[in-house]
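**Q**
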Amino acid sequence: MKQRKARRIFAAATFGLFTNGLEKFDKAYEEGSLDAVLTTNLIYQTPELLQRPYYINCDMSKYIALMIDTLNHDGSISSILNPVDRIHHVINNYNNRSVKN
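Take any residue in the sequence shown, count from 1 to its spot, add 5: that is its number in this note's numbering.
#1: Going by C-alpha to C-alpha distance, which of I48, K29 and T19 sits closest to G37?
#2: If you draw a straight line from the C-alpha of D31 to the C-alpha of N77, how long is it?
#3: Do the CB positions of T44 and G26 come within less than 8 Å of each other?
#4: Kindly indicate which residue of C63, I69 and P52 has the alpha-carbon position closest to the one of A41.
#5: The beta strand (DSSP E) that contains I69, what's its start and end?
#6: Using only the alpha-carbon positions, how far apart do F23 and D79 sit?
#7: Taking the alpha helix (DSSP H) that A41 falls in, what are its first and last residues?
#8: Out of curiosity, what's the CA-to-CA distance linking Y68 and M6?
This is the structure:
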C-alpha cells in the first residue's frame, strides 16, 4: 500500500484473535508499513497486546450496555444499529464548528 502512495495504513477487525502471535504486526510496525491496529474489546485482549504502541482498543462497553438496556425495556435497537442519524449529527457539528472559526 505504501508503494501506492498510502500515507497511513490501519488494520481493523471486530474480533482480534491474533492466534499466530504479534510478531508479524511488530515487524510491520517497525518497518513503517503499518501505523495502527484497531480491534474491539468484545473478546479477551492479552496484556501483551494492550502494551503494543500501535494497538488501539475500541471500547464497545457503552454500546453493548445501550443495546442491553434498550432490549430490557422492550425497545427497538434498529436506531442503535443504523448509524446514519449519528453520522449526520457529527457532520453537522463539524460543519457548524468550521463556520464559527
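A virtual CB, placed ideally from N, CA and C, is assigned to each residue, including glycine. None of these values were measured; they are calculated from a predicted model.
**A** Walking through what the data contain:
#1: Within the sequence shown, the letter at position 32 stands for residue 37. Of the residues I48, K29 and T19, the one whose Cα lies closest to the Cα of G37 is K29.
#2: As a first step, residue 31 must be located in the sequence shown, where it is residue number 26. As a first step, residue 77 must be located in the sequence shown, where it is residue number 72. Taking the straight line from one Cα to the other gives about 42 Å.
#3: Here residue 44 refers to the residue found at position 39 of the sequence shown. Here residue 26 refers to the residue found at position 21 of the sequence shown. Taking 8 Å as the Cβ cut-off, T44 and G26 do not qualify as a contacting pair.
#4: Counting from one through the sequence shown, the residue named residue 41 turns up at place 36. Considering only alpha carbons, the answer is C63.
#5: Within the sequence shown, numbered from 1, the residue matching residue 69 stands at position 64. Note, I69: premise wrong, no beta strand (DSSP E); alpha helix (DSSP H) at S66 to N77.
#6: For the purposes of this step, residue 23 is taken as residue 18 along the sequence shown, with counting starting at 1. For the purposes of this step, residue 79 is taken as residue 74 along the sequence shown, with counting starting at 1. Each residue's alpha carbon lies about 37 Å from the other.
#7: As a working mapping, residue 41 is identified with position 36 in the sequence shown. No alpha helix (DSSP H) contains A41, which is instead part of the beta strand (DSSP E) from A41 to T45.
#8: Residue 68 sits at position 63 when you count from the first residue of the sequence shown. Residue 6 sits at position 1 when you count from the first residue of the sequence shown. The alpha-carbon atoms of Y68 and M6 are separated by roughly 32 Å.
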